[in-house]
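Okay, structure first, notes after.
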Amino acid sequence: MVLLTGNSDADSVVEHLFTGRIQAQRIKVTPLQFHLRPCLRIEIIGCAFIHGENVALTNSVTEGYIMSPNYPSNYPTEMDSNWIITAPSVIQLDFVDTFDIEYGPNCPYDYVRVIDGLLSTSPVLGTFCGTELPPIVRATGNAMTVQLHSDYSVPRTGFKAKYSIAIPCPPLTAPASGALSPVGPHYHPDVVTVTCNQGYVLDGDSDLTCQADACLHGEYLALTDSVTEGYIMSPNYPGNYPERTDCSWTITAPSVIQLEFVGTFDIEFYQGLNCDYDWVKVYDGRISPSSLLGTFCGIDLPPTVRTVGNVMTVQFHTDYSERRAGFRAKYSIGK
Numbered sequence: 009m010v011l012l013t014g015n016s017d018a019d020s021v022v023e024h025l026f027t028g029r030i031q032a033q034r035i036k037v038t039p040l041q042f043h044l045r046p047c048l049r050i051e052i053i054g055c056a057f058i059h060g061e062n063v064a065l066t067n068s069v070t071e072g073y074i075m076s077p078n079y080p081s082n083y084p085t086e087m088d089s090n091w092i093i094t095a096p097s098v099i100q101l102d103f104v105d106t107f108d109i110e111y112g113p114n115c116p117y118d119y120v121r122v123i124d125g126l127l128s129t130s131p132v133l134g135t136f137c138g139t140e141l142p143p144i145v146r147a148t149g150n151a152m153t154v155q156l157h158s159d160y161s162v163p164r165t166g167f168k169a170k171y172s173i174a175i176p177c178p179p180l181t182a183p184a185s186g187a188l189s190p191v192g193p194h195y196h197p198d199v200v201t202v203t204c205n206q207g208y209v210l211d212g213d214s215d216l217t218c219q220a221d222a223c224l225h226g227e228y229l230a231l232t233d234s235v236t237e238g239y240i241m242s243p244n245y246p247g248n249y250p251e252r253t254d255c256s257w258t259i260t261a262p263s264v265i266q267l268e269f270v271g272t273f274d275i276e277f278y279q280g281l282n283c284d285y286d287w288v289k290v291y292d293g294r295i296s297p298s299s300l301l302g303t304f305c306g307i308d309l310p311p312t313v314r315t316v317g318n319v320m321t322v323q324f325h326t327d328y329s330e331r332r333a334g335f336r337a338k339y340s341i342g343k
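Its first residue numbered 9, the sequence shown is counted upward by one per residue in my numbering.
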């Protein structure tokens, strides 16, 4: 029950504001007298807050953010929120920063549910609760519905998620004597595993990261107890990266993070100029001068970099000239 209380000053008015609609089983109104003046006591019984929003992506507005009410403070109890997202093509949802939804087996209490389409009867892409960041969720078409439900107790901080137009990768062809898993279509940043038929041996990496042709600024990547490593790389790697590019990757994990540069490393460098033109910077946590772990350029593979905490940020910058092959790096939970 929610009680709309009065005020102690007969000559003033208390205004009660609600950010969303209220759905109630019944409303009880009782006439009273206050300071010899008539007033009403209003009780809203069996109520829930309903929050809804329709958001649209376009060819010029390709991403945005949704979050639980009050995030990063606790969301209300007895609440249902719905976000309906539409776009010209496939929609992708990335959960970022912190995720904390009251947990129970199969999420019976509070949950975030992602639906592939606009209807409640459309296929469910995932139902999530607990404190582990959910995986990337991708619609099969150009509509997605995100639902947040809370019961009458144990509110938590909730979630924040980036919705965007999924970036398709060029079609991958399975080797003549092997296979790809999963089968396409593939989108950034899918990891595709190459396997060989019996009697054949793979020459090269078995895992390929689907990399966008353009650089993404502000990409979030999450390691978990079940997903313990992944790869980042400069655009077009191992081809030359483009000019005037700025990328950033924020990586989170249950514990410390390790970054190991692998393969070819080639970033514009001139002797004595301290990586003034193109560079890779690695930070222990978010971006700040005090958290910088290293700035790298040239052709020598940088050393392995480790954080002290459970967040790492990697920046990649290029100027207007001298395109090179760039870099590839494996990020993993530190040992």
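Just so you know, even glycine gets a beta-carbon here, dropped at the ideal spot from N, CA and C.
As the structure is a computational prediction, the values presented were derived from the model and not from experiment.
Residues sharing a beta bridge with residue i, DSSP
| i | result |
| --- | --- |
| Tyr117 | Partner(s): none; Tyr117 has no beta bridge. |
| Ala187 | Thr203 |
| Gly166 | Asp108 |
| Phe304 | Val288 |
| Pro176 | Tyr195 |
| Leu101 | Val145 and Tyr171 |
| Val313 | Leu267 |
| Thr181 | According to DSSP, which records beta bridges pairwise, Thr181 is partnered with nothing at all. |
| Asn62 | Ile92 |
| Arg336 | Met241 and Val270 |
| Ile341 | Ile265 |
| Ser128 | DSSP lists no partner for Ser128. |
| Leu40 | Cys47 |
| Gln279 | DSSP lists no partner for Gln279. |
| Thr153 | Ile92 and Ile123 |
| Gly293 | Bridge partners of Gly293: none, in fact. |
| Ser158 | Met87 |
| Thr321 | Thr258 and Tyr291 |
Assumed close pair residue i, residue j - CB separation to whole angstroms, cut-off 8 Å
| i | j | result |
| --- | --- | --- |
| Thr135 | Tyr119 | 5 Å |
| Phe269 | Ala174 | Wrong, their Cβ atoms sit about 28 Å apart, outside the cutoff. |
| Phe324 | Val290 | Actually they are not in contact, since the Cβ atoms of Phe324 and Val290 sit about 10 Å apart, beyond 8 Å. |
| Val202 | Pro183 | 7 Å |
| Ser89 | Gly60 | 7 Å |
| Thr321 | Ile295 | 5 Å |
| Leu156 | Ser76 | 6 Å |
| Cys150 | Pro190 | Here residue 150 turns out to be Asn, not Cys, going by the sequence shown. About 21 Å separates the two Cβ atoms, so there is no contact after all. |
Residue nearest to residue i in terms of C-alpha spacing, selected from the options
| i | options | result |
| --- | --- | --- |
| Asp327 | Phe277, Met87 and Ile93 | Phe277 |
| Gly138 | Asp215, Thr232 and Asp274 | Thr232 |
| Ser298 | Pro131, Thr315, Tyr285 and Tyr111 | Thr315 |
| Asp308 | Leu300, Val104, Phe335 and Glu330 | Phe335 |
| Gly72 | Asn82, Thr253, Ser81 and Ile99 | Ile99 |
| Asp286 | Val235, Ser97 and Phe304 | Phe304 |
| Ala230 | Val104, Ser158, Val63 and Val69 | Val104 |
| Val235 | Ala261, Tyr245 and Cys218 | Ala261 |
| Tyr111 | Lys343, Gly207, Ser158 and Val37 | Ser158 |
| Thr181 | Arg146, Gly207, Cys47 and Cys218 | Cys218 |
| Gly317 | Ser68, Ser263 and Leu127 | Ser263 |
| Gly342 | Tyr245, Glu330 and Leu267 | Leu267 |
| Arg164 | Tyr83, Tyr249 and Cys283 | Tyr83 |
| Tyr245 | Arg331, Asp211 and His194 | Arg331 |
| Glu86 | Gly247, Asn150 and Val162 | Val162 |
| Leu101 | Pro116, Thr70 and Asn114 | Thr70 |
| Thr272 | Pro310, Leu141, Asn282 and Val63 | Pro310 |
| Glu251 | Cys283, Thr129 and Ser329 | Ser329 |
Proximity of residue i and residue j at Cβ, strictly below 9 Å
| i | j | result |
| --- | --- | --- |
| Ile240 | Ser340 | no |
| Ala333 | Ser214 | no |
| Val313 | Gly306 | no |
| Trp257 | Glu237 | no |
| Val154 | Ile109 | no |
| Gly192 | Asn205 | no |
| Ile144 | Pro178 | no |
| Thr106 | Lys170 | no |
| Ile92 | Leu65 | no |
| Leu188 | Val199 | no |
| Asn78 | Gly166 | yes |
| Leu1 | Met152 | The structure shown does not extend to residue 1, since the chain is modelled only from 9 to 343, so the question has no answer here. |
| Arg121 | Tyr195 | no |
| Val319 | Ile275 | no |
* **Minimum length 3: unbroken beta strand (DSSP E) runs contained in the stretch 210–277** => Correct list: 215–217, 225–230, 237–241, 254–260 and 265–274.
* Curious, which full-length beta strand (DSSP E) runs of at least 3 residues does the stretch 64–99 contain? -> Entirely contained in the stretch 64–99, the beta strand (DSSP E) runs reaching 3 residues are, in chain order, 71–75 and 87–94.
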